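Here's the structure, in structure tokens; my notes come after.
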Amino acid sequence: NAGVTQTPKFQVLKTGQSMTLQCAQDMNHNSMYWYRQDPGMGLRLIYYSASEGTTDKGEVPNGYNVSRLNKREFSLRLESAAPSQTSVYFCASSERSGGVNIQYFGAGTRLSVL
Amino acid sequence: QKEVEQDPGPLSVPEGAIVSLNCTYSNSAFQYFMWYRQYSRKGPELLMYTYSSGNKEDGRFTAQVDKSSKYISLFIRDSQPSDSATYLCAMSPLYNTDKLIFGTGTRLQVFP
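Listed in order, the protein sequences are those of chains C and A. Counting with the numbering used here, you get residues -4 to 109 for the letters of the first sequence. Counting with the numbering used here, you get residues 893 to 1004 for the letters of the second sequence.
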């Protein structure tokens, strides 16, 4: 049971380059999320998707775009990478259990922008 | 001011100690309170959650919520080296459980 799978695990980019972070879940969850995690800042929501075909901005969406390709996959794109986007990126999916929304996370993508 | 405040630590304790991890928050609408554990270079995983006020126990772990003080705690009894990780609190209001607001996390180290 893979859960939430993120690729790649590591990436180094030069300023101005573009890339897409991939995320797939096999738990049949409707909601999916992209977070970034920085020292002293905790997890901050970039974008989320409540269902296939819908996406909404989170706390820090500038410089990113997302695509909910289907129910399983939710990708994050950096069109023109900047050093400020150096971070660890986590994808998550969630299910509702007894009213609470439980989020399950992938292992993360460590991105460095030089 | 952040909606959720959490002491980053690190907190270093000997094996067998009782550990207390805490978060304060400012949004009185928060109703669901969660604790996630994150091992080094891994994604967070849900440890336990509580709804509204009160206590919840799961093995060596106890979560407490004091809504009057806007203060939540996670207690770990008989701490083990395998408990060494970063612990993040997270919370959401009843009207929008899709979004979680996370604390910055407290790094815990339990030494043998």
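Ideal Cβ positions, reconstructed from N, Cα and C, are used throughout, including at glycine. Quick caveat: nothing in here was measured; it's all calculated off a predicted structure.
Boundaries of the beta strand (DSSP E) in which residue i is found, first to last residue
i        : result
C/SER70  : 69 to 73
A/PRO906 : 903 to 906
A/SER944 : First-last for A/SER944: undefined, no H or E at that position.
Chain E contact residues for residue i, given Cβ-Cβ distances below 9 Å
i      : result
C/GLN6 : In the structure shown, chain E does not exist; the protein chains are C and A.
Any chain A beta carbon closer than 7 Å to residue i
i         : result
C/ILE41   : no
C/PHE85   : yes
C/VAL55   : no
C/PHE69   : no
C/LEU38   : yes
C/ASN96   : yes
C/ALA(-3) : no
Residue-level contact to chain C via CB, residue i, 7 Å cutoff
i        : result
A/PRO936 : yes
A/PHE925 : no
A/ASP990 : yes
A/GLY946 : no
A/THR916 : no
A/PHE994 : yes
A/TYR963 : no
Reference residue i, options the options, closest by Cα
i        : options                                     : result
A/PRO973 : A/VAL905, A/VAL957 and A/MET940             : A/VAL905
A/ILE993 : C/MET36, C/GLN12 and C/SER44                : C/MET36
A/MET940 : A/LYS991, A/ALA921, A/LEU903 and A/PHE925   : A/PHE925
A/GLY946 : A/ALA977, A/SER984, A/ARG952 and A/LYS962   : A/LYS962
A/TRP927 : A/SER960, A/THR998 and A/ARG933             : A/THR998
C/ALA45  : C/ASN60, C/GLN1 and C/LYS66                 : C/LYS66
C/GLN98  : A/LEU1000, A/GLN1001, A/CYS981 and A/ASP950 : A/CYS981
C/ALA19  : C/LEU73, C/PRO3, C/VAL83 and C/GLU68        : C/GLU68
Three-way DSSP call (helix, strand, coil) for residue i in this model
i         : result
A/SER920  : coil
C/GLN20   : strand
A/ASP975  : helix
C/GLN80   : helix
A/GLN893  : coil
C/THR10   : coil
A/PRO1004 : coil
C/VAL61   : strand
C/VAL55   : coil
Whole-Å CB distance - residue i paired with residue j, under 8 Å assumed
i        : j        : result
A/ALA955 : A/LEU938 : Not a contact, Cβ separation roughly 11 Å.
C/PHE5   : C/LEU38  : That pair is no contact at about 19 Å.
A/GLY935 : C/GLY11  : Contact doesn't hold; Cβ gap of about 29 Å is too wide.
A/ILE968 : A/VAL957 : Contact flag wrong, Cβ pair sits at about 16 Å.
A/ASN919 : A/GLU897 : With a Cβ gap of about 12 Å, A/ASN919 and A/GLU897 do not count as contacting.
C/VAL7   : C/ALA87  : At roughly 24 Å, the Cβ-Cβ gap does not stay under 8 Å, so C/VAL7 and C/ALA87 are not in contact.
Distance cut-off 6 Å: residue i Cβ against heavy atoms of the ligand NAP
i        : result
A/PHE922 : You won't find the ligand NAP in this model; it holds no ligand whatsoever.
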